[in-house]
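Letter by letter, the sequence shown follows residues 1 to 295 in UniProt numbering.
Even for Gly, the Cβ is constructed at its ideal location relative to N, Cα and C.
Below is one structure, written out as structure tokens; the observations come after it.
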Amino acid sequence: MVTASIQGDEDLQTVCIGEIFLEFVNMLPAFQTYCLQQSTSVNMIFLDVSQNDNTALRRMNLRSFLMAPLQRVTKYPLLLSRISKATNECHPDYSRLKEAKSRVESHLEHINMKTKQEGTATWSLRSFRRDSRKNREVINIEMRELSMKTVGWTRESTHFIMEGPLQLAQPADGQWLKKGSKSLKFQNVQSLLMVRTLRNPETVTEGSLETSEMVQDGVLVLIKDKSNGKFTVLREPIRLANCVVSADPDCEDTFEVLDIRREAFVFRASDKHRTQQWFRQIKRYLFPPPPEMIP
């Protein structure tokens, strides 16, 4: 918007709203915290105000004031929908408007689900029409939250590299090498490959506000399918700093992750291509990385 103003675009015709929403959509989990704690916070504030001598505060309709953010955010999907309808399909922001609307709706659906689980809120956000893609996005949000809570990382320092279903087997010593993957018993798990980064402001390039980020740690989190309406972690996260990753050239449908302090795991995805994607990404984020992965 500042750039548009400098260029004399007073009507903001060159501003890409979808791009702005996508840039800040990852801040919506902070709004989730506000929603879940809203009822309790309102009661605490009312108690504080009742004991306060500030007459201006006493005259304020605090309940309505604190409800305003809840009402405002539910209007975002409608706003984005109206903007996209008025935007030409050839416009560079058109697809971003569609994606932003979908992602905002997914976050709001997730907040609805969390308020029902907590059982503390006496309200709910407006329900949105669901489809398989939005359901998948809501599930991803829930699994990401569980993963960050499990490893104790902050949202700002966490980056999700890959996520999705994998099949896992834990072979006895030498079993995989001697008999191949056909002898193994696999189970389905949801998997998230995530890294923790540290921003380095000293490497800011001239004319750019972006900072480079140094990868500090990487983990593979394995999650069991929902039981009693909740996801649960299958085991402790696999820390890549303690792992060796290998694959048999004659068996491209599987790869092995060896935790040198504990045990070995054999993984496979839905097809060979996806399996190799997982293999390359996990190998890329080993610490230190293997020589062939260093640029």
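Thr40 and Gln117 have their alpha carbons spaced roughly 16 Å apart. DSSP places Gly218 within a strand segment (E or B) once states are collapsed to three. Sixteen is the threshold: when 16 or more other Cβ atoms of the shown chains lie within 10 Å of the Cβ of Met194, as they do, the residue is buried. At the C-beta level, Tyr285 and Gly218 come within 7 Å of one another. Between Met143 and Thr158, the C-beta spacing is not below 7 Å. Of the candidates Leu28, Leu222, Lys98, the residue whose Cα lies closest to the Cα of Val151 is Leu222. Where Phe279 is concerned, the enclosing alpha helix (DSSP H) starts and stops at 272 to 284. Looking at Ser227, Thr115, Ile83, Ile141, the one whose alpha-carbon comes closest to that of Met27 is Ile141. Across the set Phe255, Arg262, Ala264, the C-alpha of Phe255 shows the shortest separation from the C-alpha of His273. Going by DSSP, Pro77 is part of the alpha helix (DSSP H) stretching over 76 to 85. Judged by beta-carbon spacing, Phe279 lies beyond the 7 Å limit of Leu168, meaning their Cβ atoms are not closer than that value. Shown here, Asn188 sits in a strand according to DSSP, grouped into three states.
Here the alpha carbons of Ser270 and Ile161 stand approximately 18 Å from one another. Remark: C-beta atoms of Phe231 and Leu166 do not approach each other more closely than 7 Å. DSSP places Gly18 in the uninterrupted alpha helix (DSSP H) bounded by 17 to 24.
Within the model, the alpha-carbon separation for Ser102 versus Pro77 is close to 8 Å.
In terms of CA proximity to Arg239, Arg196 leads the group Asn88, Pro69, Arg196. In the DSSP secondary-structure assignment, Val257 is bridged to Val245, Phe265. The DSSP-derived three-state label of Glu163 is strand. The alpha-carbon separation between His91 and Glu252 amounts to approximately 42 Å. For Arg235, no pairing in a beta bridge is given by DSSP. With contacts defined by Cβ atoms closer than 7 Å, Ala100 and Gly164 do not form a contacting pair. The beta carbon of Glu137 sits closer than 6 Å to the beta carbons of Ser106 from its chain, once the five residues preceding and following it are set aside; these are given in chain order.
Of the other Cβ atoms in all chains shown, fewer than 16 fall within 10 Å of the Cβ of Thr33; this residue is therefore exposed. Cβ-Cβ distances below 8 Å link Ser95 to Gly18 in the same chain, with the five nearest sequence neighbours on each side left out; the list follows chain order.
Apart from sequence neighbours up to five positions away, the residues of its chain that approach His110 with a beta-carbon distance below 8 Å are Gln32, Val138, Ile141, Glu142, ordered along the chain. With contacts defined by Cβ atoms closer than 7 Å, Met214 and Leu192 do not form a contacting pair. The alpha carbon of Pro29 has as its nearest neighbour, out of Cys16, Met67, Val73, Phe65, the alpha carbon of Val73. When only Cα atoms are considered, Ser183 and Arg268 end up about 14 Å apart.
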